[in-house]
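Visitor: Those sequence lines, one after another, are chains A and B. If you read the first sequence in this note's numbering, its first letter stands for residue 1215, the second for the next number, and so on. If you read the second sequence in this note's numbering, its first letter stands for residue 1215, the second for the next number, and so on. Just dropping this structure here.
Protein chains: 2
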Amino acid sequence: MSKLVVVGTVAFDAIETPFGKTDKILGGSGTFVGLAASQFEVKTGVVSVVGGDFPASYLEMMNSKGINTEGIEIVKEGKTFFWSGKYHNDMNSRDTLITELNVLETFAPVVPENFKDAAIVMLGNLHPQTQASVLDQMTKRPKLVVLDTMNFWMDIALDDLHSVLKRVDVITINDEEARQLSGEYSLVNAAKRIHEMGPKYVVIKKGEHGALLFNHGKMFYAPALPLAEVFDPTGAGDTFAGGFCGYLAKTEDLSFENMKNAIIYGSNLASFCVEKFGTERMQELSSDDVKTRLNAFKDLTQFDIKIS
Amino acid sequence: MSKLVVVGTVAFDAIETPFGKTDKILGGSGTFVGLAASQFEVKTGVVSVVGGDFPASYLEMMNSKGINTEGIEIVKEGKTFFWSGKYHNDMNSRDTLITELNVLETFAPVVPENFKDAAIVMLGNLHPQTQASVLDQMTKRPKLVVLDTMNFWMDIALDDLHSVLKRVDVITINDEEARQLSGEYSLVNAAKRIHEMGPKYVVIKKGEHGALLFNHGKMFYAPALPLAEVFDPTGAGDTFAGGFCGYLAKTEDLSFENMKNAIIYGSNLASFCVEKFGTERMQELSSDDVKTRLNAFKDLTQFDIKIS
């Protein structure tokens, strides 16, 4: 069974959407990536940090899904990273109400011994130096390094970001961030510029407008599944990345054709994530649910034109 | 050979984009729909009106493409409809600088005798009463009536729009207009409400984000082809509609499965339209160009997941 190591946040989120409001619930990029990857027969290890206030039951839930949590450091005297946000009516934009970094402020990820030879490494959205420190710990070059980042790091740590990007195979980024990083408005040209920075594969996430995969001139597009109701978009991007990495780890096939499938699986899982608050839907998700929705994706995108 | 009758504008456009600026060039929804449909073996008749200032060479160009222009009334003492617009840097928004309705102000479309039994009618974006008057002239119920409209008519002639919609099979509309017409934010719910108004098929155009086809719970999605440069978006939506109607007229197959193909052809042709100013690219487009790009659409969207 392939190993996937994921570094990211494990956090408390408090979320307000037009549909309701939560107290502190389980969140964090590492959590969403891990839960998505747990849909595949893969050994997934999450590397993160939480405080003494973090319920053991959350870790037990992750373990019950087959997620290895040895790499989640528990700082007894510290408090868990907390984020609170409010979504606007269109669900495409949100305001951050509270960000308490807490134990994340001094987070130095330690990859468990047993995961230092993982085939796939997913570097969640953290300081580029922190991301690089994970790669430094690997005993052999992973088959695939996937990195997620955001405009914040481009603003305050661009040199560090460029430096870690040289060691990365796949970058996942949203459309505005791709434009900021590349200085190009057209996403086709943006991908070209980002290839020159290191990543052979550029995945541009466009939220409700789907995702694009670029690989030196080759392109693939996966739509988001149109839904009657998007209940809570939190974690959808991380779930997408987790589905992508999990599928690649399971199939052990890093060809462009198989990456297309991985992108579809990412969209598939993300379409569930948004149906309930936080990780709720992902916790109860069955493999039958995923299979059924895969058929919905086929109906949505596959056509049969005979070229005469 | 199937007949397609198109009612729409034949106009002068003056366009400014970040790439340059044109004098008065050939434009109009009827023109773009007709040119797109001319890619298929179909008898296309355009019903419109122009002024005495409209060059005969434009009509000759259309005739040379097999487009019947008998239905284009020439008001010798009048001036042709003129629109001028300026696109912003993102190419997704534009300002209208000038709208001179001229001969369009008193336009009463007359369908040529030979097209009154057309299989497919495309009602371009005009006053809903004008659109209805075209249907009144048909000697038999067309197999398919396609209607395009915009927010302007929802604002000033909503009752008339509702009235003509009862006689329509397919509506093409952009996402914001779908939301305005239905009062629903989710496009899935918007399509449901619009089905109740008449159209069994709802095509929602999202510009660079592609197009969605809805049919009572069934959905299909065609992306726009990601391009390095969008030179001039004018007419892309009409070209999309023309490709859709032209393909359906040629294949004479109105099943949902074949409508998927029609949507892909619409996106395919629209991706050429934006490559040059106005109708320039559409005038020189060869069937080989279209075939080659169809393969690009397949590469972009088709995948092969074995569900185990």
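Built from N, CA and C at the ideal position, the CB exists for glycine as well. Only a predicted model underlies this, so the values are computations on that prediction, with no experimental measurement involved.
Would DSSP call asparagine 1388 of chain B helix, strand or coil?
Guide: Here residue 1388 of chain B refers to the residue found at position 174 when the second sequence is read from its first residue. Residue state, collapsed to three classes: strand.
Visitor: Apart from the five residues on each side of it in sequence, which residues of its chain come closer than 6 Å, Cβ to Cβ, to threonine 1453 of chain A?
Guide: On the first sequence, position 239 is the one that residue 1453 of chain A refers to. Correct list, in chain order: Phe1246, Ala1250, Leu1483, Ala1484, Cys1487.
Visitor: Looking at chain A, which residues of the segment 1407-1432 of chain B have a Cβ within less than 8 Å of any of its Cβ atoms?
Guide: If the cut-off is 8 Å between Cβ atoms, the segment 1407-1432 of chain B has Lys1420, His1423, Gly1424, Leu1426, Lys1432 near chain A.
Visitor: Could you give the distance in angstroms between the alpha-carbon of lysine 1279 of chain A and the alpha-carbon of methionine 1411 of chain B?
Guide: If you number the first sequence from 1, residue 1279 of chain A lands on position 65. If you number the second sequence from 1, residue 1411 of chain B lands on position 197. So the two alpha carbons sit approximately 47 Å from each other.
Visitor: Leaving out the 5 sequence neighbours to the left and right, which residues in its chain are closer than 8 Å to alanine 1333 of chain A when beta-carbon positions are compared?
Guide: On the first sequence, residue 1333 of chain A is found 119 positions in, with the first residue counted as 1. Correct list, in chain order: Ser1216, Lys1217, Leu1218, Pro1356, Lys1357, Leu1358, Ala1463, Glu1466.
Visitor: Note down, in chain order, all residues in the segment 1370-1390 of chain B with a beta-carbon under 8 Å from any beta-carbon belonging to chain A.
Guide: If the cut-off is 8 Å between Cβ atoms, the segment 1370-1390 of chain B has nothing near chain A.
Visitor: Once DSSP output is grouped into helix, strand and coil, what is the label at tyrosine 1365 of chain A?
Guide: Counted from its first residue, the first sequence places residue 1365 of chain A at position 151. The residue you asked about is not tyrosine; residue 1365 of chain A is asparagine in the sequence shown. Asparagine 1365 of chain A falls in the helix class under three-state DSSP.
Visitor: Taking only beta-carbon positions, decide if threonine 1515 of chain B is within less than 9 Å of chain A.
Guide: Numbered from 1 along the second sequence, position 301 holds the residue referred to as residue 1515 of chain B. With 9 Å as the cut-off, threonine 1515 of chain B counts as an interface residue toward chain A.
Visitor: Would you kindly check if the distance between the Cβ of proline 1342 of chain B and the Cβ of leucine 1318 of chain B is under 9 Å?
Guide: In the second sequence, counting from the first residue as 1, residue 1318 of chain B sits at position 104. In the second sequence, counting from the first residue as 1, residue 1342 of chain B sits at position 128. The answer is no: Cβ separation not under 9 Å.
Visitor: What residue does the beta strand (DSSP E) around valine 1335 of chain A start on, and which one ends it?
Guide: Numbered from its first residue, the first sequence carries residue 1335 of chain A at position 121. Here the beta strand (DSSP E) through valine 1335 of chain A covers 1334-1337.
Visitor: For the beta strand (DSSP E) containing alanine 1425 of chain B, name the first residue and the last one.
Guide: Numbered from 1 along the second sequence, position 211 holds the residue referred to as residue 1425 of chain B. That run of the beta strand (DSSP E) goes 1425-1429.
Visitor: What residue range does the alpha helix (DSSP H) around leucine 1523 of chain A cover?
Guide: This structure leaves residue 1523 of chain A out entirely; chain A is present only between 1215 and 1522.
Visitor: According to DSSP, is alanine 1455 of chain A helix, strand or coil?
Guide: Translated into positions along the first sequence, residue 1455 of chain A becomes position 241. DSSP places alanine 1455 of chain A in helix when its eight states are reduced to three.
Visitor: Should aspartate 1373 of chain B be labelled buried (16 or more other beta-carbon atoms within 10 Å of its own) or exposed?
Guide: In the second sequence, residue 1373 of chain B corresponds to position 159, counting from 1. Label assigned to aspartate 1373 of chain B: exposed.
Visitor: Going by C-alpha to C-alpha distance, which of B:Lys1406, B:Glu1443, B:Ile1408, B:Glu1390 sits closest to serine 1400 of chain A?
Guide: Position 186 of the first sequence, counted from the first residue, corresponds to residue 1400 of chain A. Checking every option, the nearest Cα to that of serine 1400 of chain A belongs to B:Glu1443.
Visitor: Any Cβ of chain A within less than 9 Å of the Cβ of lysine 1357 of chain B?
Guide: Taking the first residue of the second sequence as 1, we reach residue 1357 of chain B at position 143. Output row for lysine 1357 of chain B: interface = no.
Visitor: With a Cβ-Cβ cutoff of 9 Å, do alanine 1438 of chain B and glycine 1421 of chain B count as a contact?
Guide: What you label residue 1438 of chain B is simply residue 224 of the second sequence in a count that begins at 1. What you label residue 1421 of chain B is simply residue 207 of the second sequence in a count that begins at 1. Result yes, Cβ atoms of alanine 1438 of chain B and glycine 1421 of chain B sit closer than 9 Å.
Visitor: Enumerate in chain order the residues of its own chain whose CB-to-CB distance from leucine 1508 of chain A is below 7 Å, with the five nearest sequence positions on each side excluded.
Guide: In the first sequence, counting from the first residue as 1, residue 1508 of chain A sits at position 294. If we look at leucine 1508 of chain A and ignore the five residues flanking it on each side, its Cβ neighbours are Asn1482.
Visitor: For asparagine 1277 of chain B, which option in B:Trp1367, B:Lys1419, B:Lys1257, B:Asn1339 has the closest C-alpha, if you only look at C-alpha atoms?
Guide: What you label residue 1277 of chain B is simply residue 63 of the second sequence in a count that begins at 1. Considering only alpha carbons, the answer is B:Lys1257.
Visitor: Figure out for me which residue from A:Phe1254, A:Glu1284, A:Ser1252 has the closest Cα to the Cα of valine 1264 of chain A.
Guide: The residue given as residue 1264 of chain A occupies position 50 in the first sequence. When only C-alpha atoms are compared, the closest one is A:Glu1284.
Visitor: Determine, using beta carbons only, whether alanine 1442 of chain B comes closer than 9 Å to chain A.
Guide: In the second sequence, the residue the question calls residue 1442 of chain B occupies position 228. For alanine 1442 of chain B, the answer is yes, since a Cβ of chain A falls inside 9 Å of its Cβ.
Visitor: Relative to the C-alpha of proline 1326 of chain B, which candidate in B:Ile1286, B:Met1336, B:Lys1520 has its C-alpha closest?
Guide: The sequence position of residue 1326 of chain B within the second sequence is 112, counting from 1. That would be B:Ile1286, whose Cα lies nearest to the Cα of proline 1326 of chain B.
Visitor: Where does lysine 1464 of chain A fall in DSSP's three states?
Guide: For the purposes of this step, residue 1464 of chain A is identified with residue 250 of the first sequence, where counting begins at 1. Residue state, collapsed to three classes: helix.
Visitor: Would valine 1402 of chain B and proline 1323 of chain A be called neighbours here (beta carbons separated by less than 9 Å)?
Guide: Locating residue 1402 of chain B in the second sequence gives position 188, where the first residue counts as 1. Locating residue 1323 of chain A in the first sequence gives position 109, where the first residue counts as 1. For valine 1402 of chain B and proline 1323 of chain A, no; Cβs fall outside 9 Å.
Visitor: Would you mind stating whether glycine 1248 of chain A and valine 1289 of chain A have Cβ atoms separated by less than 9 Å?
Guide: For the purposes of this step, residue 1248 of chain A is taken as residue 34 along the first sequence, with counting starting at 1. For the purposes of this step, residue 1289 of chain A is taken as residue 75 along the first sequence, with counting starting at 1. The answer is no: Cβ separation not under 9 Å.
Visitor: Expressed to the nearest angstrom, what Euclidean distance is found between the alpha-carbon atoms of isoleucine 1521 of chain A and lysine 1505 of chain B?
Guide: Sequence index remark: in the first sequence, residue 1521 of chain A carries index 307 (1-based). Sequence index remark: in the second sequence, residue 1505 of chain B carries index 291 (1-based). Going by the C-alpha atoms only, they are around 7 Å apart.
Visitor: Any idea what DSSP makes of threonine 1294 of chain A, helix, strand or coil?
Guide: One-based indexing of the first sequence puts residue 1294 of chain A at position 80. It is coil, neither helix nor strand.
Visitor: Is there at least one Cβ from chain B nearer than 9 Å to serine 1400 of chain A's Cβ?
Guide: Mapped onto the first sequence, residue 1400 of chain A falls at position 186. Yes, serine 1400 of chain A counts as interfacial toward chain B.
Visitor: Would you mind stating whether lysine 1474 of chain B and leucine 1427 of chain B have Cβ atoms separated by less than 9 Å?
Guide: Position 260 of the second sequence, counted from the start, is the residue given in the question as residue 1474 of chain B. Position 213 of the second sequence, counted from the start, is the residue given in the question as residue 1427 of chain B. Yes, these two residues count as a Cβ contact at 9 Å.
Visitor: Using the C-alpha atoms, what's the distance from phenylalanine 1296 of chain A back to cysteine 1459 of chain B?
Guide: As a position in the second sequence, residue 1459 of chain B is number 245, starting the count at 1. As a position in the first sequence, residue 1296 of chain A is number 82, starting the count at 1. Those two C-alpha atoms are separated by around 53 Å.
Visitor: Kindly identify the DSSP beta-bridge partner or partners of serine 1262 of chain B.
Guide: The residue labelled residue 1262 of chain B in the question sits at position 48 within the second sequence. According to DSSP, which records beta bridges pairwise, serine 1262 of chain B is partnered with B:Ile1286.
Visitor: Can you tell me where the beta strand (DSSP E) with glutamate 1230 of chain A in it begins and where it stops?
Guide: As a first step, residue 1230 of chain A is located in the first sequence; it is residue number 16 there, counting from the start. Here the beta strand (DSSP E) through glutamate 1230 of chain A covers 1225-1231.
Visitor: Three-state secondary structure (DSSP) at glutamate 1314 of chain B?
Guide: As a working note, residue 1314 of chain B is residue 100 in the second sequence. Three-state result, glutamate 1314 of chain B: strand.
Visitor: What is the C-beta distance between lysine 1419 of chain A and asparagine 1388 of chain A, in whole angstroms, given that I count them as a contact (C-beta under 8 Å)?
Guide: As a position in the first sequence, residue 1419 of chain A is number 205, starting the count at 1. As a position in the first sequence, residue 1388 of chain A is number 174, starting the count at 1. Rounded, the Cβ-Cβ distance is 5 Å, consistent with contact.
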